[in-house]
Structures are given as structure tokens and as C-alpha cells.
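Single-structure report; data block below.
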Amino acid sequence: MDDSVRSEAGIPLKASYGPDDLPAPESIPPPGAFPFTRGNFAGGYRGRLWTIRQYSGFGTPEESNARYRYLLEQGGTGLSVALDLPTQCGYDSDHPDVEEEVGRVGVALDTLADAEILFDQIPLDAISTSFTINGTAAIILAFYVAAAEKQGVDGAKLRGTIQNDILKEYVSRGTWIWPPRPSLRLIADTIEFCAEEVPRFNAISVAGAHFRDAGANAVQEMAFTLMDGITYCDEVIARGRMTIDQFAPQVSFFFYTHGDFFEEIAKYRAGRRRWAHIVRERYGAEDDRSCMFRVGCVAGGASLHAPQARNNVMRVAYEALASVLGGVQSMFTAAWDEPFALPSEESATLAMRTQQVLASETGVARVADPLGGSYYVEALTDEVEARVVEVMDDLERRGGMVKAVEDGYLHGLIAEEAFRVQQAMTSGDRQIVGVNRFQTDEELPEVEGYELDEGGRARQLERLAEVKGSRSAADVVARLGALEKAAAQDDVNLMPLLVDCAKAYCTLGEIVDVLKDEWGEFVQPTVF
Amino acid sequence: MPVRVLVAKPGLDGHDRGAKLVARALRDAGFEVIYTGIRQRPEVIAAVAVQEDVQIVGLSILSGAHLGLTEKTAKALRAAGADDVLLVVGGTIPKRDVARIEAAGATAVYPTGTPLEAMVESFRALSSEARAPS
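One line per chain: the protein sequences are S and E, in this order. The working numbering numbers the first residue of the first sequence as 1 and each following residue consecutively. The working numbering numbers the first residue of the second sequence as 1001 and each following residue consecutively.
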């Protein structure tokens, strides 16, 4: 076979596929049946459309609250909260090292008071909220649970997700705080807490997306993510307090959909099948719902380009279509001006409309897994899965994910692939319109973007000072002291103590510092 | 003698795909490259620049905090006695900010969309301006 034609991840492709390429019928049962290759639900999107969840948040809680209410009024069906880097890395807004970053790539949450403003007049029992938060996920969850309680909303009614996936932070996204061991403990604490206290809230969204954006291909993205999922499940199972069926339904996943249309569809189908087998065979799940691979995705990121930037609108639309044909449960479509700046209200709305046109006008959601049985798609699904298993086996042989994170092996794999792609773009092997094909002299656009309100940081600092001045100092000391004591013991779940800290208006930075004293900080290997 | 370059990520931004690609491309082009890793304080970057005796420091910033972080790094370099080290900045930078970043102390700015080859060429051109290694 002529194997010069390959998918983006390097899978050789035939000129056409036929009946001999189809897998055994048992690996592609109807949608809604184990191992869910064709989707989690028999009716596909008929029961529930995917959630349109636009990542958004910036400046002060007041500004973000206004944007959220706008997005919900425009037909958004869930919130996706972007937090600023100080909040993600564990610093309060008044920390001297972080002044440039307050409210910049997301909203600042220093205390429960900020969370109360962020969700003001947003009914937390009626919408779902996703937080892209990792290092400080347990603390943000505590803020959310406490804010809901103040609204009078019972924990049982809360829906949403915290990303809470630290392993990929060590490799590709960078908002780590503590080393892997105590971080895994805290994640297991949140998984247990959610199962008991907020049963409709996903305790973790294992995110391959950031491996992908850092350079990994679709096969690596899926393989690394499933390995991370295994690491977290192993951690909870090893405690011996919960069975897989008690928490697996609250584990979800998150990926980037990039440009190779069929490979992306095959990736989601292969991932669903592989995870279902892992949960049943490795952990002995008895409930098929535990084996479901619940997936959110984002269309955009590193697949978008600056030259002729408006072409990104089309890129995102094709990626969104692939995501739906792949059967995702929620989606964020990025704005075309993402390579330049925070999106303007206009570009953010256009990005949301892209999904709404797909959902309302194209008919793609009428029938479950419309590509099921396609010779090519089924064969590609098999091939992606086989390659994912190879990558996972390699990582297992090398001692698992924590080791691959600590010794820089994973960093190296990703940097290598990023470099390969860059070379392919330079040589023209990978064709990108406007970058190495059909170039024009068109100047890069002067994007309008979103101008940060310069006074925002000052207002944030004012409120933080006000909260610090009005809370009970004795309460703060007591709550932080209790947390410190519990952190030193391995068998205490820290979540209830974090909720107590939140209610006492302890700041995020104070909480993080207490745990830093106990657990230390991570040091990242630098491999390029 | 090869020109020594420090590729650095100041602030809290963790996106280093670009920084690593630039580091590798410069290394392949004959520069001696040191990469700090992410989340470095400007004072630390300046100290490493002095210790490693580099001629050029390249900052990569994708978080939008480029103006403040450039100012702080330029100041830290001066404070460390490294006034003669050239400072350049790349990342998610809108064109409207280029002049302001230059005013803050950057010799060259590589805004969104700068091709990798163009950046390497620019480093070559800067090398002739840079002082000889001590």
C-alpha cells in the first residue's frame, strides 16, 4: 500500500475502505450499549443536546457576572469559568509578584465574597458550571459549594465540573502548586466529597486538551489522558473507601478537536471504547454507566492561525462538526481572534452562533452516530485505538504517569511532536491556508479584542482588603489551623475543612500557603 | 564563539510550546540556548542571564501581561548590571502594543503571527549588535 498519505497523527491511509475493514460486530454495538463506541446514549442527542459552554471570564467578578448573564440570555446553556492566573496558581490578588496578571486571562477569586458576586442572580440549581481550575480546584469547589449554600441551593442540585487534573499541568499547562503525591491525595479527596455531597457535580475533567495544544497529536492526546484517568482512579481505589461504581460516573474528560476531520471523530469513538473496557476490566465496574466516557471539547486553540485570521471561523465550524459526529457532551467553540487577544463580545457571540447553527439548522444531531458502520470511520477508530494502547503500554512500562511527569519523559514526547509539526509546516508537508498556502500580503488585523478595565485590579484589591478587615480573625486562624493539622495526616478528607475555610472568608492564598508549608512545591523539568 | 541566548517565561503563563520551539530553532541555528522553564520571576531571569553570561534574553508571554513583565525584566537586568544584554519579547501580542513594549526596554518584539524563520533571522541580526561574551 502507498503509505505516503497519512493522517495528522501519522496513520497511513488507504485510497478507499471496504467491508473487509470493518471490525467485529461486538465492538460496534448500537449506540447506548457497552463499550459505547457509537455513543453513550441510544438516542444520541435526542435526549439532550450537547451543552454549549463558552469559556469566558475576565477582570473582576462584577464584569464576569455581566458577561455570564449575557451569554445565558443569548442561549448559552452552561457556564465555563475562566480564572486568572494568580487564582489558578494559588496567589491572592494583592501578592506583589502577580500584579500584572490580576483579572487578565480570567476572573480573580480571592475569597468567597468574590464567588458570591460572580454568581449573583444566576440560579445555580438551574445551570451547570464548569471551572477550568486545577492546582486550586479543591479550594474553588469549596467556594462554589459555599456560594450555593448562601443562595439556598442544596449541594444535591449543583451541576458542573472542576477540571482538577493536575498531572497535565506538570507537563503542559503549568498551574501546579504542590508535588504530585499530595496533589493526588487532594484530588482523591474531592472525588470522594463530590460522590457524597454534590453527586451531580463532576469532580474531575481529565483533560488531554492541554497536551494537544502543547504539541501532542490526537493519538498521544487520548493515550496520555486515559493514563491520567487511570492514575486518578487508582488513587481513589487504593484508599479502599469507595468502589469504582460509586465515583466513576463523576469522572469526565476534555479534549481539543483540531483539524483532521475523520481522525478527530475516530479519536472520540476509540476513546469511548477504550475507557469502557478499562473501567470494566481493570476496576471491575458492574454498572455500565460507570463505563461511559463523558466528554467535553474545545474547537480552536493551536489549530487556529494568525494570518488571514477570519479563516478561523471556518476552521472552528469544521472542528465543531467533527466533535458532534464524534459524540461529545459539551463544547466550547473558540473565537476567530483568539490568536491575538481576549475575544470581543462580537467574536465570542459569533463563536457561539457557530454551534447554534450546527444544532438548529444542519440536522446532524437528529440521528445517533450517523457515521457508525462507515468502512473508513470504523477502521480508523480501530487503528486509533490500537495506537493509543501502544502509547499507554509504553508509559506503563516506564513506570506510569507520575514518573513520566517527574523525569520529563512526557515533556520530551510532546516537544518532539510539536517540533515535527513545525517542521512539516515550514516544509509545506502540512498545508495551512494563509500560512504556507494561498498567502497574501494582508496585514494582520487590528483586532478590537477586549480591553481590560484598568481600574478593575484596584477594585479587586479594595474588596480583598475589605473582606480581610471585616471577617473574624479568630475564625480564620482556627480554620486554617484545623486545615494544617489535617493536611499532615493522610487519611483525613480535606474538603469539609476547605468548605469551612471558605465560609470563614479565608483567602485562596492563605489556604494555599498553609498547604505549601506542609507539602512543599513542584519543580518542573525543562526539556525542549 | 556562539552567541548565548536565554529563553525565559516570566509571570504565571504556562504556555511554552512557542518558547520551546524558538529555543530549539535557535539551537539548531547555532546559538547556545538556555531555557528557564515557566513561571520565573524577573529577578531570577536577570540573575540567570548574568550567571550564564548571555547576550540576548528572549521573553515569551502569552497571557497578555507583556507590558508589565517586560518593564520588570528590563529593570531587573539593569539592577543586575546587565544593561548590555539585549531584551526581546514574543507571544500573544497585539500590534498596538509593540511600540509600548519597545519603550519598556525591548530591542525587538515578535507579535502574533511572526514566522519562526523570521525570528531566527532577527536573532542573527541582533547578534552582530550584541556585545562579545565576556
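We put the CB at the ideal spot given by N, CA and C, even for glycine. Keep in mind it's a predicted model, so treat the numbers as computed, not measured.
Residue i vs residue j beta-carbon contact at 8 Å
i: Y45/S; j: A365/S; result: yes
i: G215/S; j: I414/S; result: yes
i: L508/S; j: L494/S; result: no
i: V512/S; j: A113/S; result: no
i: K150/S; j: E116/S; result: yes
i: D288/S; j: F34/S; result: yes
i: V388/S; j: E263/S; result: no
i: R274/S; j: L226/S; result: yes
i: S1122/E; j: A1108/E; result: yes
i: K516/S; j: I177/S; result: yes
i: R1039/E; j: V1033/E; result: no
i: A146/S; j: K503/S; result: yes
i: Y256/S; j: C297/S; result: yes
i: I265/S; j: V377/S; result: yes
i: M222/S; j: G271/S; result: yes
i: P31/S; j: D369/S; result: yes
i: N65/S; j: L109/S; result: no
i: F201/S; j: G135/S; result: no
i: Q431/S; j: L1021/E; result: no
i: E99/S; j: G1068/E; result: yes
i: Y1035/E; j: A1025/E; result: no
i: A148/S; j: T190/S; result: no
i: I127/S; j: L79/S; result: yes
i: E510/S; j: L480/S; result: yes
i: L464/S; j: S93/S; result: yes
Residue closest to residue i, alpha-carbon to alpha-carbon, out of the options
i: S130/S; options: R430/S, A424/S, G39/S, R53/S; result: R53/S
i: D1083/E; options: I1034/E, V1033/E, V1054/E; result: V1054/E
i: K168/S; options: I278/S, P19/S, G18/S, L410/S; result: L410/S
i: L342/S; options: G59/S, A473/S, E26/S; result: G59/S
i: M292/S; options: Q308/S, E338/S, L350/S, G229/S; result: G229/S
i: P123/S; options: T132/S, G174/S, R69/S, D394/S; result: R69/S
i: G174/S; options: V405/S, E346/S, A487/S; result: V405/S
i: G75/S; options: W336/S, W50/S, S4/S; result: W50/S
i: G434/S; options: H277/S, Q308/S, M242/S, L72/S; result: Q308/S
i: E446/S; options: R1124/E, A1130/E, M1119/E, V1098/E; result: V1098/E
i: F247/S; options: I278/S, F193/S, G300/S; result: F193/S
i: A335/S; options: G327/S, E346/S, P496/S, E62/S; result: E346/S
i: I1061/E; options: R1096/E, V1088/E, G1081/E, E1117/E; result: V1088/E
i: T1070/E; options: G1081/E, V1057/E, A1080/E; result: V1057/E
Residues that residue i contacts on chain E, provided the C-beta gap is smaller than 8 Å
i: E442/S; result: The contacting residues do not exist; E442/S stays about 11 Å from chain E at best.
i: C89/S; result: L1012, R1039
Contacts that residue i makes with chain S (C-beta to C-beta distance below 7 Å)
i: E1052/E; result: Under the 7 Å cutoff, chain S gives no residues; its nearest Cβ is about 14 Å from E1052/E.
i: Y1035/E; result: T526, F528
i: D1013/E; result: L85
i: A1023/E; result: F528
Within chain S, partners of residue i - CB distance below 8 Å
i: G1064/E; result: R104, V105, A341, L342, L452
i: R1124/E; result: Within 8 Å Cβ-Cβ: nothing; R1124/E doesn't reach chain S, min ~17 Å.
Cross-chain neighbours of residue i in chain E, by beta carbon under 7 Å
i: A415/S; result: K1020
i: E197/S; result: By Cβ distance, chain E contributes nothing, its closest Cβ being about 30 Å from E197/S, past 7 Å.
i: A306/S; result: T1112, G1113
Residue i: contacting residues in chain S (beta-carbon distance under 9 Å)
i: I1038/E; result: G174, Q524, T526
i: R1041/E; result: D97
i: R1004/E; result: Within chain S, no residue comes near R1004/E; the closest Cβ sits about 16 Å away, beyond 9 Å.
Residue i: CB within 7 Å of a non-hydrogen atom of the ligand FAD
i: G300/S; result: Within the structure as shown, the ligand FAD is missing, as the structure has no ligands at all.
Chain-ordered neighbours of residue i on chain E, where CB pairs are closer than 9 Å
i: E446/S; result: P1094, K1095, R1096
Residues in the stretch 418–431 of chain S with C-beta within 8 Å of chain E's C-beta atoms, listed in sequence order? A418, F419, Q422, T426
Segment contact flag, the stretch 1099–1113 of chain E with the stretch 1008–1016 of chain E, C-beta cutoff 8 Å, min 3 pairs: no
Taking a Cβ distance cut-off of 8 Å, strictly less, list which residues of the stretch 93–119 of chain S are near chain E, in chain order. D97, V98, E99, E100, E101, R104, V105
Meets three-Cβ-pair contact criterion under 8 Å: the stretch 238–253 of chain S and the stretch 200–207 of chain S: yes
Between the stretch 1038–1049 of chain E and the stretch 1076–1096 of chain E, do three or more beta carbon pairs fall short of 8 Å? yes
Short of 9 Å Cβ to Cβ, which residues in the stretch 169–182 of chain S face chain E? E169, S172, R173, G174, T175, W176
The stretch 1060–1086 of chain E: which residues have C-beta closer than 7 Å to a C-beta of chain S, in chain order? S1063, G1064, A1065, G1068, L1069
Identify each residue in the stretch 1087–1119 of chain E for which the Cβ-Cβ distance to at least one residue of chain S is less than 8 Å, and report them in chain order. T1092, P1094, K1095, R1096, P1111, T1112, G1113, L1116, E1117
Given 8 Å as the limit, is there contact between the stretch 20–28 of chain S and the stretch 323–331 of chain S, that is, 3 or more CB pairs closer than that? no
Under 8 Å: do the stretch 97–112 of chain S and the stretch 347–354 of chain S share three or more Cβ pairs, one atom per stretch? no
What are the residues of the stretch 209–236 of chain S that lie near chain E, defined by any Cβ-Cβ distance shorter than 9 Å? H210, D213, A214, G215
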